[in-house]
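Take a look at the structure set out below.
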Amino acid sequence: MSNIKSAFENGKAFIPFITCGDPDLKTTAAVVRAAVQNGADLIELGIPFSDPTAEGPVIQGANLRALTGGVTTDKIFDLVRGLRKDVKIPMVFMTYANVVFSYGAERFISTCKEIGIDGLILPDLPFEEKEEFLPLCRKYEVDLISLIAPTSENRIAMIAREADGFLYIVSSLGVTGTRSEIKTDLASIVAMVRQSTDVPCAIGFGISTPGQAKKMADLSDGAIVGSAIIKLLEKYGKDAPKYVGEYVKAMKDAIR
Amino acid sequence: MTNSKGRFGIHGGQYVPETLMNAIIELEAAYEHFKDDPEFNRELTELFNEYAGRPSRLYYAKKMTEDLGGAKIYLKREDLNHTGSHKINNVLGQALLAKKMGKTRLIAETGAGQHGVATATAAALLNMECVVFMGEEDTIRQALNVYRMRLLGAEVIPVKTGTATLKDAVSEAMREWSSRIDDTHYCLGSVMGPHPFPVIVRDFQAVISREIKQQLQEKEGKLPDAVIACVGGGSNSMGSFYHFIENRDVALIGCEAAGRGIDTFETAATVNTGRVGIFHGMKSYFCQDEYGQIAPVYSISAGLDYPGVGPEHAYLHDIGRARYVPITDDEAVNAFEYLSRMEGIIPAIESAHAVAHAMELAPTMRKDQIIVITISGRGDKDCAAIARYRGEDIHE
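Quick mapping for you: the protein sequence lines, in order, are chains A and B. Number 125 in my numbering belongs to position 27 of the first sequence; there are no gaps in the numbering. Number 354 in my numbering belongs to position 329 of the second sequence; there are no gaps in the numbering.
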């Protein structure tokens, strides 16, 4: 059992996603601190992957910029060690199965524990394959976060019953990226989740405006925002921390 | 170890986003239902025979045999199929299956363009919409195939991300599938990706080894000593190997694209240079760096230019039932020219990788031994590129 629960004890949770190393790790650290100071409840740190198949163009671009800049898993572990000196809120990694597998699953997950990472989100590791890492995640008390999609239907209860940390509800079909409208019947998905688990659930994919965040947080326990933040990094580069801080404040105020 | 479906030893599995899980579960159920359905098989056999031109010839390459002075060489002529390659076997099977599932739209990735052309062809025949994802780099290397697909009514989307080659086309097709599942079937072109694709594609391509076995029995009254085929994702080789796996005395040899050599970074020889990893829905061997970032790969052949290999091949390698040899660009181009002049058959540059290894192997074998080489496709599409490789300024 990790610290993730605490992220949901401060009203509805606001969860920003940040790709580590975009444009460099120093900026990532400053962006994380700006987000924390402005009310973020949990930070989702992306470890870039060469071929992020669940991402839209915006986060694909961030992955590419970060990798081109020379960021590696080891450098990201060092970033987290530095952040953990003052950042107390839960932090989770979002990456792809091969990044964990190739590093050596036990070496990766035990390092997560050692540096204070609370959970792992792996979009290409569905329920059927979670045994790949779950025993190690349980051993080192790093929550393996499960995802539920608009197409999950008959699978929702099965996934929710075994969920650890929090449940990541994917708002829409397709890949990450901002959307003008979210049409999925999320209320009924959340209702099914609630019948099966007490683990909190947050909604992500396609959320960019305070209005959307409020709508999603009203339906669930929190809102996850990635692409909209990455767009700020793309636009402002090393000056992004200030803008991300303002953005996080606006989003948290909207859902509080 | 996980107990998920579709395992070949440690390889295979279903490493896809949750959004796609019900789609692949539905596909598996449909395939399990139709694969033994007499009506489905009657329709597929009719398409194979009347439309694609099966069975393909097993041709005794007499001049090549005499020139190399060793084992007797037979060529399995998948290049003579409609659309010019083995890809049509799998595509007709999947398109028919998709149609039975009520899907109205096919999407596909393509490298050299052969799978894209085959998919566009089946879509035209079966009145389905078709969208093909192709790395931008490959749309330039294989411009003629882009035109063929458009002529057949397909939309071709150039993929600009990553290395703009086959792996990026697969990623983009997966992204597209996850955004539109209801009416769309992802017609994956090789024995790769999440279960059930490696099984479905293998079963539809297994017609190759079923025919080789029967045809050689008629001509020679025995089994071959070696079956040689090129391996990118591995569909023509898996199809060529499948019915011989049980015949332990038949050597199964896959020829990987070594590009400029397996001691360089410009290679696509996955089994020879890769490590076990998880990518594109499967556990298998992948070319990757120490942190698991998928490596950019290189080969003169756009169809073998993929950083992974199908999970069943990975397993056959692990248990030593098949062996995988690297063939460089140079060796493949030499073989491309050799078969053209020797037998009057211009093979696809992909298939030329298999020819190259046979040229090395045949002289070391006895005259009463038999090698079957699968000529997976025809080489018209490669002529301009090979001419350029030889320093001639030819463009399509």
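In this text, a Cβ means the ideal position worked out from N, Cα and C, and glycines have one as well. The structure displayed is predicted, hence computed values, not measured ones.
Task: Beta-carbon proximity of A77(B) to H107(B), cut-off 7 Å - done: Within the second sequence, numbered from 1, the residue matching residue 77(B) stands at position 52. Within the second sequence, numbered from 1, the residue matching residue 107(B) stands at position 82. Yes, they are a contact pair.
Task: Opening and closing residue of the alpha helix (DSSP H) in which H382(B) lies - done: Position 357 of the second sequence, counting from 1, holds the residue named residue 382(B). Segment 374 to 386, the alpha helix (DSSP H) holding H382(B).
Task: For V323(A) and F115(A), the rounded distance between their alpha carbons - done: Mapped onto the first sequence, residue 115(A) falls at position 17. Mapped onto the first sequence, residue 323(A) falls at position 225. So the two alpha carbons sit approximately 6 Å from each other.
TODO: Report yes if the CB atom of P336(B) is closer than 7 Å to the CB atom of S309(B), and no otherwise.
DONE: By 1-based counting over the second sequence, the position of residue 336(B) is 311. By 1-based counting over the second sequence, the position of residue 309(B) is 284. Yes. Within cutoff.
- [ ] Use the C-beta contact count for L223(A): other C-beta atoms within 10 angstroms, 16 or more gives buried, fewer gives exposed.
- [x] To locate residue 223(A), count along the first sequence from 1; it is residue 125. Result: buried.
Open item on the list: Cβ closer than 7 Å: which chain A residues qualify as neighbours of Y40(B)?
Closed with: Indexing the second sequence from 1 puts residue 40(B) at position 15. Per Cβ cutoff of 7 Å: A195, D222, L223, E227.
TODO: Identify whether S309(B) lies in helix, strand or coil by the three-state DSSP scheme.
DONE: Here residue 309(B) is taken as the residue at index 284 of the second sequence, counted from 1. It is a strand residue.
Open item on the list: Would I286(A) pass as an interface residue toward chain B - the criterion being a Cβ-Cβ separation below 7 Å?
Closed with: Position 188 of the first sequence, counted from the start, is the residue given in the question as residue 286(A). Per the sequence shown, residue 286(A) should be read as Ser rather than Ile. Not one chain B Cβ lies under 7 Å of S286(A).
Task: Pairwise C-alpha distance: I187(A) and Y238(A) - done: Within the first sequence, the letter at position 140 stands for residue 238(A). Within the first sequence, the letter at position 89 stands for residue 187(A). Spanning the two alpha carbons is a distance of roughly 19 Å.
Task: beta strand (DSSP E) segments (min. 3 residues) lying fully within the segment 148 to 229 of chain B - done: 154 to 160, 180 to 184, 209 to 211
Open item on the list: Run through the DSSP bridge pairs and tell me what I278(B) is partnered with.
Closed with: Taking the second sequence and counting its residues from 1, the one referred to as residue 278(B) is at position 253. Paired residue(s): I253(B), R348(B).
Task: Exposure of T354(B), with buried meaning 16 or more beta-carbon neighbours within 10 Å - done: Within the second sequence, the letter at position 329 stands for residue 354(B). Per the sequence shown, residue 354(B) should be read as Asp rather than Thr. Classification of D354(B): buried, given that the 10 Å Cβ count is 16 or more.
- [ ] Check the Cβ of T170(A) against every Cβ in chain B and list those closer than 8 Å, keeping chain order.
- [x] Numbered from 1 along the first sequence, position 72 holds the residue referred to as residue 170(A). Within chain B, the residues near T170(A) are Y316.
- [ ] Check each candidate in S318(A), G154(A), F199(A) and name the one with the smallest Cα separation from M290(A).
- [x] Counted from its first residue, the first sequence places residue 290(A) at position 192. Nearest C-alpha to M290(A): S318(A).
Open item on the list: Taking its Cβ as the centre, do 16 or more other Cβ atoms sit within 10 Å of G168(A), making it buried, or is it exposed?
Closed with: By 1-based counting over the first sequence, the position of residue 168(A) is 70. Label assigned to G168(A): exposed.
Open item on the list: Which residue wins for smallest C-alpha separation from V288(A), given the options P339(A), G275(A), A247(A)?
Closed with: Within the first sequence, residue 288(A) is the residue found at index 190, counting from 1. Residue A247(A) is the option with its Cα nearest to V288(A).
TODO: Determine, using beta carbons only, whether S215(B) comes closer than 7 Å to chain A.
DONE: Position 190 of the second sequence, counted from the first residue, corresponds to residue 215(B). Chain A contact via Cβ: absent.
- [ ] Please go through the same chain and pick out, in chain order, the residues whose beta-carbon is closer than 8 Å to the beta-carbon of R130(B), but skip the five residues on each side of it.
- [x] Walking along the second sequence from the start, residue 130(B) turns up at place 105. Once the five neighbours on either side are set aside, the close Cβ partners of R130(B) are M153, E154, C155, V156, R205, D208, T209, H210.
Open item on the list: On a Cα-Cα basis, can you pick out the residue from E142(A), T193(A), G272(A) that is closest to G154(A)?
Closed with: Position 56 of the first sequence, counting from 1, holds the residue named residue 154(A). Checked all of E142(A), T193(A), G272(A); the closest Cα to G154(A) is G272(A).
Open item on the list: Residues of the segment 267 to 282 of chain A in Cβ contact with chain B at a cutoff of 9 Å, in chain order, please.
Closed with: V268, S270, L271, G272, V273
TODO: List the whole-angstrom C-beta distance separating L331(A) from D176(A), where the pair is believed to meet the contact cut-off of C-beta under 8 Å.
DONE: Stepping through the first sequence from its first residue, residue 331(A) is reached at position 233. Stepping through the first sequence from its first residue, residue 176(A) is reached at position 78. Not quite, the Cβ-Cβ distance comes to about 20 Å (not below 8 Å), so this is no contact.
Task: Interface residues of chain A facing K427(B) [CB-CB closer than 7 Å] - done: Residue 427(B) falls outside the range modelled here, since chain B spans only 26 to 421, and no answer is possible.
Open item on the list: If the criterion is Cβ atoms closer than 7 Å, does the pair V322(B) and C312(B) meet it?
Closed with: Here residue 322(B) is taken as the residue at index 297 of the second sequence, counted from 1. Here residue 312(B) is taken as the residue at index 287 of the second sequence, counted from 1. Yes, they are a contact pair.
Open item on the list: Once the 5 residues before and after V190(A) are set aside, which same chain residues still bring their CB inside 8 Å of it?
Closed with: Walking along the first sequence from the start, residue 190(A) turns up at place 92. Hits under 8 Å: I102, L140, I141, E142, L143, I215, D216, G217, L218, I219, D241, I243, G263.
Task: Beta-bridge pairing of M189(A) - partner residues as DSSP gives them - done: One-based indexing of the first sequence puts residue 189(A) at position 91. In DSSP, M189(A) forms a bridge with I141(A).
Open item on the list: Between which two residues does the beta strand (DSSP E) holding V323(A) run?
Closed with: Looking up residue 323(A) in the first sequence gives position 225. 320 to 323 is the extent of the beta strand (DSSP E) around V323(A).
Open item on the list: Only counting the same chain, and skipping five residues up and downstream in sequence, which positions put a Cβ closer than 6 Å to that of K110(A)?
Closed with: For the purposes of this step, residue 110(A) is taken as residue 12 along the first sequence, with counting starting at 1. Once the five neighbours on either side are set aside, the close Cβ partners of K110(A) are A315, G320, I353.
Open item on the list: If you reduce the DSSP assignment to three classes, tell me which class A356(A) lands in.
Closed with: Residue 356(A) is absent from the model: chain A starts at 99 and stops at 354.
TODO: Compare the C-beta of E43(B) against all C-beta atoms of chain A and say whether one is closer than 7 Å.
DONE: Counted from its first residue, the second sequence places residue 43(B) at position 18. Yes, because at least one Cβ of chain A sits closer than 7 Å to the Cβ of E43(B).
- [ ] Following the continuous alpha helix (DSSP H) through F266(B), name the residue where it begins and the one where it ends.
- [x] Within the second sequence, the letter at position 241 stands for residue 266(B). Where F266(B) is concerned, the enclosing alpha helix (DSSP H) stretches over 260 to 266.
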